[in-house]
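**Q** Chains as they are written, first to last, in the working numbering: chain A, 8 to 491; chain B, 39 to 136.
Glycine included, C-beta positions come from ideal geometry on N, C-alpha and C.
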């Protein structure tokens with residue numbers, strides 16, 4: 008899986024003239040065409056070459072931004088002005104954005120090149136990228152398997168070398184799980200670290216935008232650029248943004264106990280359902296970390312078994328409310344034959360939403376409906392507090408928590424699509440971070456006997472992404488490089 | 039607690055969705071399956087627990103109360119499935135079904 012070159016080193020070669028940015032972007036476009044069968048992209052931005060010319064000139068004149076020439080793909084739930092935003096749904100098939108997502112705008116301001124919009128599960132609802140009006144995305148390691156979801160296209164775009172980095176969104180694992188299935192790094196920031204302005208809402212108190220990349224350096228430099236307060240998102244944090252790209256090393260004398268990092272291991276994340284090979288891979292890295300003077304501390308997250316139940320009640324409730332706006336009135340698909348207003352709403356929604364989206368709207372409407380609100384919605388909000396408090400307690404004792412990212416490696420296409428509950432349970436290790444609003448990262452740590460990527464997850468307390476980055480960098484530079 | 043098919047029809051009405059007979063049967067079965075799983079939450083005593091509605095608590099965002107521009111009308115109408123030069127057009131509202 009390694010070595011990969013951080014983009015900053017490639018940029019040095021562009022500066023010196025050894026590498027041409029225009030040729031590089033042309034190569035990516037050719038490669039996207041060659042790998043079309045993976046179905047990673049909904050739309051390609053042909054103006055990327057033009058941008059490459061402009062930015063290459065800026066690089067040579069010394070006036071280019073921090074991410075000059077970095078080629079980035081963005082999930083098709085993030086709006087880019089005058090380009091389509093479909094959320095992989097027929098209901099938005101002809102929609103063109105009238106403004107640009109803050110996170111994407113910040114990338115463009117630092118002279119990154121946006122190469123296209125990636126495929127995903129419809130409205131980011133799914134764990135396999137099979138729920139897309141553009142068809143399923145294929146896993147580049149085995150084309151009969153899913154790439155994970157919902158940000159499957161963004162994970163594949165990085166895994167198959169179709170861009171330098173990509174943006175996805177994570178509501179219950181939609182960055183980390185596809186990153187694990189595709190063997191790339193994927194980071195979900197703290198809730199509120201990155202503005203959600205321009206992100207099509209699914210579950211507003213859970214949604215986070217974050218990067219995929221092949222190196223931790225690239226993850227850090229993209230995260231640094233997209234983070235920060237935005238007046239267009241009142242939930243975006245006003246806390247200062249650390250220089251993440253400079254947070255990748257430990258102090259020299261890490262052996263001093265005050266600088267020793269404590270890594271928590273929660274047995275609740277290693278129970279029934281976890282594939283043995285994944286467990287072996289994780290145990291191997293735990294031992295290696297122990298040998299490298301990290302303190303391994305057993306901890307408990309006793310409410311983990313309730314996360315999926317709480318998650319599906321709360322996110323479907325938020326989704327049913329957020330998706331009420333798609334009614335065929337102001338934008339999106341309108342059923343042509345509708346004769347009355349109510350019929351227009353019903354027919355437009357019924358014809359254009361896919362079945363998983365309808366299932367979640369139905370569940371969400373039910374749990375919010377009169378007579379059930381307290382039994383389901385309010386109950387789940389109370390359990391959400393327990394889950395958050397589990398993490399508060401754990402982070403009093405440890406710096407980061409290490410878990411598997413997913414109980415299995417990439418599963419077969421169609422394997423789980425007829426059983427919604429089984430599909431939901433594939434997010435068993437990831438939804439907790441969204442319930443608690445904490446950051447998490449997937450690190451690819453090896454392959455199973457079928458050659459499929461295995462991922463581990465690191466979690467940290469709110470607004471402590473730098474701890475994730477530092478441990479990830481240590482693993483990347485010392486563990487992964489020694490594997491091959 | 040289980041959901042009847044009649045309730046599913048009512049929920050569909052609230053959600054402004056319509057389904058075929060077969061879909062209604064399917065949804066009734068699947069919603070019951072999911073809700074049976076969700077019952078798990080009742081194993082926990084949550085009496086006197088404050089609901090958590092937002093993961094990052096205790097922050098309020100204020101801004102000055104001043105009038106600012108909004109999306110220009112032309113832009114707002116750009117994606118409309120039916121419009122004239124000023125308004126979104128919809129089927130007749132008055133006198134139809136409610």
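1. Could you please give the first and the last residue of the uninterrupted beta strand (DSSP E) stretch that includes residue 401 of chain A?
2. Please name the residue in A:423, A:426, A:79, A:318 whose C-alpha comes closest to that of residue 233 of chain A.
3. In chain A, which residues lie with their C-beta within 8 Å of the C-beta of residue 117 of chain B?
4. So, does the region 410-422 of chain A touch the region 354-373 of chain A, judging by three or more C-beta pairs under 8 Å?
5. What does residue 393 of chain A reach in chain B if we use C-beta pairs closer than 9 Å?
6. Would you verify that the beta carbon of residue 248 of chain A is, or is not, closer than 8 Å to some beta carbon of chain B?
7. Let me know if residue 193 of chain A comes out buried or exposed under the rule of 16 or more other beta-carbons within 10 Å of its beta-carbon.
8. Indicate whether at least one CB of chain A lies closer than 8 Å to the CB of residue 106 of chain B.
9. Could you name the residues that DSSP lists as bridge partners for residue 460 of chain A?
10. Between residue 44 of chain B and chain A, is any beta-carbon pair separated by less than 8 Å?
11. I'd like the list of long-range same chain contacts for residue 115 of chain B, defined as Cβ closer than 6 Å, with 5 residues on each side in sequence excluded.
12. Consult DSSP for residue 265 of chain A and reduce its assignment to one of helix, strand or coil.
13. In this structure, how does DSSP classify residue 3 of chain A when only helix, strand and coil are distinguished?
14. Under the assumption that residue 439 of chain A contacts residue 368 of chain A (Cβ atoms under 8 Å), give the Cβ distance between them as a whole number of angstroms.
15. Look at the Cβ atom of residue 133 of chain A, then the Cβ atom of residue 175 of chain A, and state whether they are nearer than 8 Å.
16. For residue 82 of chain A, name the three-state secondary structure that DSSP assigns.
17. Against chain A, with Cβ distances strictly below 8 Å, would residue 71 of chain B count as a contact?
18. Closer than 8 Å by beta-carbon distance: list the chain A residues that pair up with residue 113 of chain B, in chain order.
19. If you run the structure through DSSP and keep just helix, strand and coil, what is residue 196 of chain A?
20. Going by the beta-carbon positions, is the gap between residue 444 of chain A and residue 89 of chain B smaller than 8 Å?
21. Which residues share a DSSP beta bridge with residue 407 of chain A?
22. Does the structure place the region 21-32 of chain A close enough to the region 79-98 of chain A that three or more beta carbon pairs sit under 8 Å?
23. In three-state DSSP terms, what is residue 97 of chain A?
24. Taking all protein chains shown into account, decide if residue 150 of chain A is buried (16 or more other Cβ within 10 angstroms of its Cβ) or exposed.
25. List the endpoints of the continuous alpha helix (DSSP H) containing residue 49 of chain A.
26. Look up residue 246 of chain A in the DSSP assignment and say whether it is helix, strand or coil.
27. Does the distance from the C-beta atom of residue 81 of chain A to that of residue 32 of chain A stay below 8 Å?
28. I need the straight-line Cα distance from residue 423 of chain A to residue 45 of chain B, nearest angstrom please.
29. Can you grab the Cα-Cα spacing for the pair residue 265 of chain A / residue 302 of chain A, in whole Å?
30. Can you tell me where the alpha helix (DSSP H) with residue 90 of chain A in it begins and where it stops?
31. Kindly confirm or deny that the region 383-398 of chain A and the region 301-317 of chain A touch, where touching means at least three C-beta pairs closer than 8 Å.
32. Using a Cβ-Cβ cut-off of 8 Å, state whether residue 388 of chain A counts as contacting chain B.
33. Which chain B residues are close to residue 320 of chain A, counting only those with a beta carbon under 7 Å from its beta carbon?
34. Buried or exposed for residue 324 of chain A, going by 16 or more other Cβ atoms inside 10 Å?
35. So, under 8 Å CB-CB, residue 125 of chain A and residue 48 of chain A are touching, yes? Tell me the CB distance rounded to an integer number of Å.
36. So, is residue 155 of chain A buried or exposed, given that buried needs 16 or more other C-beta atoms within 10 angstroms?
**A** In short, the structure shows the following:
1. Along the first chain, read from residue 1 onward, the residue named residue 401 of chain A stands at position 394. That residue, residue 401 of chain A, is in no beta strand (DSSP E); its alpha helix (DSSP H) goes 386-404.
2. Stepping through the first chain from its first residue, residue 233 of chain A is reached at position 226. With distances taken between Cα atoms, residue 233 of chain A lies closest to A:79.
3. Position 79 of the second chain, counted from the first residue, corresponds to residue 117 of chain B. Neighbours of residue 117 of chain B on chain A, chain order: 101, 102, 103, 105, 337, 338, 339.
4. no
5. Here the question's residue 393 of chain A lines up with position 386 in the first chain. Result: 82, 84, 87, 90.
6. The count along the first chain starts at 1 and reaches residue 248 of chain A at position 241. Cβ-Cβ to chain B under 8 Å: no for residue 248 of chain A.
7. Within the first chain, numbered from 1, the residue matching residue 193 of chain A stands at position 186. Per the 10 Å Cβ criterion, buried.
8. Locating residue 106 of chain B in the second chain gives position 68, where the first residue counts as 1. Closer than 8 Å: no.
9. Against the first chain, residue 460 of chain A aligns to sequence position 453. Residue 460 of chain A pairs with A:454.
10. Counting from 1 along the second chain, the entry for residue 44 of chain B is found at position 6. By this cut-off, residue 44 of chain B is not an interface position.
11. Within the second chain, the letter at position 77 stands for residue 115 of chain B. Only 121 meet the Cβ criterion.
12. Here the question's residue 265 of chain A lines up with position 258 in the first chain. Its pLDDT being 47, under 50, residue 265 of chain A is placed unreliably by the model, and nothing is read from it.
13. Since the displayed chain A opens at 8 and closes at 491, residue 3 of chain A lies outside it and no answer follows.
14. For the purposes of this step, residue 439 of chain A is identified with residue 432 of the first chain, where counting begins at 1. For the purposes of this step, residue 368 of chain A is identified with residue 361 of the first chain, where counting begins at 1. Between residue 368 of chain A and residue 439 of chain A the Cβ distance is about 24 Å, and since that is not below 8 Å, they are no contact.
15. The sequence position of residue 133 of chain A within the first chain is 126, counting from 1. The sequence position of residue 175 of chain A within the first chain is 168, counting from 1. Going by C-beta atoms, residue 133 of chain A is not nearer than 8 Å to residue 175 of chain A.
16. On the first chain, residue 82 of chain A is found 75 positions in, with the first residue counted as 1. Strand, per DSSP.
17. Numbered from 1 along the second chain, position 33 holds the residue referred to as residue 71 of chain B. So yes, residue 71 of chain B belongs to the interface.
18. Walking along the second chain from the start, residue 113 of chain B turns up at place 75. Neighbours of residue 113 of chain B on chain A, chain order: 105.
19. Stepping through the first chain from its first residue, residue 196 of chain A is reached at position 189. Coil.
20. Reading the first chain from its first residue, position 437 is the one you call residue 444 of chain A. Reading the second chain from its first residue, position 51 is the one you call residue 89 of chain B. It is not a contact, given that the beta carbons lie outside the stated cut-off.
21. Counting from 1 along the first chain, the entry for residue 407 of chain A is found at position 400. A:270, A:467.
22. Contact fails: fewer than three Cβ-Cβ distances are below 8 Å.
23. Taking the first chain and counting its residues from 1, the one referred to as residue 97 of chain A is at position 90. Here residue 97 of chain A sits in helix by DSSP.
24. Here the question's residue 150 of chain A lines up with position 143 in the first chain. Label assigned to residue 150 of chain A: exposed.
25. Here the question's residue 49 of chain A lines up with position 42 in the first chain. It is not in any alpha helix (DSSP H) - residue 49 of chain A instead sits in the beta strand (DSSP E) that spans 48-51.
26. By one-based count along the first chain, residue 246 of chain A stands at place 239. Three-state result, residue 246 of chain A: coil.
27. Numbered from 1 along the first chain, position 74 holds the residue referred to as residue 81 of chain A. Numbered from 1 along the first chain, position 25 holds the residue referred to as residue 32 of chain A. Their beta carbons are not under 8 Å apart, which means residue 81 of chain A does not touch residue 32 of chain A by this criterion.
28. As a first step, residue 423 of chain A must be located in the first chain, where it is residue number 416. As a first step, residue 45 of chain B must be located in the second chain, where it is residue number 7. Distance between the alpha carbons of residue 423 of chain A and residue 45 of chain B: 27 Å.
29. Translated into positions along the first chain, residue 265 of chain A becomes position 258. Translated into positions along the first chain, residue 302 of chain A becomes position 295. The predicted position of residue 265 of chain A is uncertain, since its pLDDT is 47 and thus under 50; a value taken from the coordinates is nonetheless stated next. Cα to Cα, residue 265 of chain A sits roughly 12 Å from residue 302 of chain A.
30. Sequence index remark: in the first chain, residue 90 of chain A carries index 83 (1-based). Where residue 90 of chain A is concerned, there is no enclosing alpha helix (DSSP H), given that its DSSP letter is neither H nor E.
31. yes
32. Reading the first chain from its first residue, position 381 is the one you call residue 388 of chain A. It does: the Cβ of residue 388 of chain A has a partner Cβ on chain B nearer than 8 Å.
33. Locating residue 320 of chain A in the first chain gives position 313, counting from the first residue. Result: 76.
34. Taking the first chain and counting its residues from 1, one reaches residue 324 of chain A at position 317. Of the residues assessed, residue 324 of chain A falls on the buried side of the cut-off, its CB having 16 or more other CB atoms within 10 angstroms.
35. Walking along the first chain from the start, residue 125 of chain A turns up at place 118. Walking along the first chain from the start, residue 48 of chain A turns up at place 41. Rounded, the Cβ-Cβ distance is 6 Å, consistent with contact.
36. Numbered from its first residue, the first chain carries residue 155 of chain A at position 148. The residue in question, residue 155 of chain A, is buried, as its Cβ has 16 or more Cβ neighbours within 10 Å.
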